[in-house]
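First residue of the sequence shown? That's 1119 in the working numbering, and the numbers climb one at a time after it.
We put the beta carbon where it would ideally sit given N, CA and C, even for glycine.
From a predicted model like this one, the values you see are computed outputs, not experimental measurements.
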Amino acid sequence: MGSTSPWPHEPSPLLRTPLTAVLAVAETGSFSEAAARLGLAQSTLSYAVRQAEDALGIVIFERGRHGARLTPAGQAVMVHARHAALAVQAMQLTAHGQLSGTLRLAASRSILRHVVTPALRPFAAHYPQVEVVLTDTRGEHDEVADLVASGKVHLGLGRLPMPSGLVTTPVVGDEYLIVNAASAPPLRTWDDFHAARFIVCEEDCAPYVAAHIARHSRPPAASVRLSDAGVALGMVAEGQGFTVLSRLVVTPLPRGLRTESLPTPLWRSTGLVTTDAGACHPLVTAFSQLVLTPDAVRAQVGPLARLLQLPEGQAHPQPDPSVDGQAC
């Protein structure tokens, strides 16, 4: 739904030319394209990148006929470069007192479809100068955590808990369900579960579900492994087995299918994920307060809300106030 960018909107005058140049080359993978984007001569941009490399004492890019690729050292420093750009954007928005620019958000397709997309038009009405760029992730945990931690997005919506160092707030919970053909017998016990053909969707929820099953029974044996939930549901509808997916993934449920809880129920808690600095970012604050509160989510999902878990209170991430400079 949009590509992630090393900086959240146009390069700021507050960002020194070497940093702006490095960010542009990292995004485009090309010195010539980065120079054109910044309106610089390629020699000027190359000099700015060399200045950054000399200052850091590393080689940031491997240059070749295939373009410019980040070296391992370049990948490490780029995380901080992206966060610096996000911090400068936050500083400018705070000084101006008016929200504008680009907010970048990453989440799985089910969360985007049910929670985020219905709120985009109302958010745009409140903040017409803010563009929301969405990245749909294949997974619901690891990829979201990486995009947030690397500074490629302002915030993510991912399965909790997240790695330490990230700031999270619960937003919505939905249950993992057995999805079977309507004519298939129910799978009420773990013995029933293991006796049937299990079609596994290989996203990063699969190990989470498998660990739950192993904890309450024994490790599951997959008859088929697929990467696409739609293909899995098609096979289930044809009576070729069952799968396990979260409620938001299978809603609306295709005809010919039915759902039931696992013999020991399992829920997915999805939360807002950002960094300490991101929790104070004006764009993150505005989006979370307008789109991600329990009342807002309830309105966005409609009647489905009665089948979900919605937390009490406001969905605004709270950084650790004991960390100097991190209290909003």
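Rounded separation between residue i and residue j - CA only
i	j	result
Leu1284	Val1206	20 Å
Tyr1165	Gly1185	17 Å
Pro1279	Val1140	33 Å
Leu1217	Leu1410	18 Å
Thr1138	Val1167	9 Å
Phe1360	Met1353	8 Å
Ser1341	Phe1316	5 Å
Glu1258	Gly1291	13 Å
Pro1325	Ala1332	10 Å
Leu1426	Ala1144	40 Å
Pro1400	Leu1380	41 Å
Asn1298	Thr1388	24 Å
Gly1374	Val1318	19 Å
Val1289	Ala1224	14 Å
Thr1382	Thr1369	21 Å
Ala1404	Glu1151	33 Å
Asp1413	Glu1430	9 Å
Leu1344	Gly1175	45 Å
Ser1148	Thr1253	22 Å
Thr1189	Leu1363	38 Å
Ala1202	His1214	18 Å
Asp1322	Leu1408	29 Å
Tyr1294	Ser1268	29 Å
Glu1356	Arg1376	13 Å
Leu1366	Glu1249	26 Å
Leu1384	Gln1247	41 Å
Ala1170	Arg1256	34 Å
Asp1310	His1334	14 Å
Pro1372	Asp1346	15 Å
Gln1210	Arg1306	57 Å
Glu1180	Gly1192	9 Å
Leu1095	Ala1350	Past the boundaries of the shown model lies residue 1095; the chain is included only from 1119 to 1446, so the question cannot be answered.
Residue i: first and last residue of the uninterrupted alpha helix (DSSP H) it sits in
i	result
Ile1176	From DSSP, Ile1176 is part of no alpha helix (DSSP H); its letter is neither H nor E.
Pro1412	Pro1412 to Val1419
Arg1155	Phe1149 to Leu1156
Residue interval of the beta strand (DSSP E) (run including residue i)
i	result
Leu1408	No beta strand (DSSP E) contains Leu1408, which is instead part of the alpha helix (DSSP H) from Pro1400 to Val1409.
Gly1396	Counting along the chain, Gly1396 falls outside any beta strand (DSSP E), though it belongs to the alpha helix (DSSP H) covering Asp1394 to Ala1397.
Arg1187	Gly1185 to Leu1188
Residue i Cβ short of 7 Å to the ligand SAM heavy atom set
i	result
Gly1215	Absence of the ligand SAM is noted for the structure shown, with no ligands found whatsoever.
Residues that DSSP places opposite residue i in a beta bridge
i	result
Ser1226	Thr1255
Ala1299	Leu1375
Ser1387	Gly1291
Glu1180	Arg1187
Gln1427	Gly1291
Thr1382	DSSP output for Thr1382 lists no bridge partner at all.
Thr1220	Glu1249
>> If we require 3 or more residues per run, which beta strand (DSSP E) segments fall completely within the region 1242-1294?
In response: Listed in chain order, the complete beta strand (DSSP E) runs (minimum 3 residues) inside the region 1242-1294 are 1248-1255 and 1273-1277.
> Which parts of the region 1303-1375 are runs of the alpha helix (DSSP H), unbroken and 4 residues or longer, counting only runs that do not cross its ends?
Replying inline: 1308-1313, 1323-1334, 1347-1355 and 1365-1368
>> Would the region 1262-1279 count as touching the region 1388-1398 if we require 3 or more Cβ pairs under 8 Å?
In response: yes
> Any contact of the region 1404-1424 with the region 1300-1319, i.e. 3+ C-beta pairs under 8 Å?
Replying inline: no
> Is the region 1192-1199 touching the region 1232-1243 in the sense that three or more CB pairs, one from each, lie closer than 8 Å?
Replying inline: no
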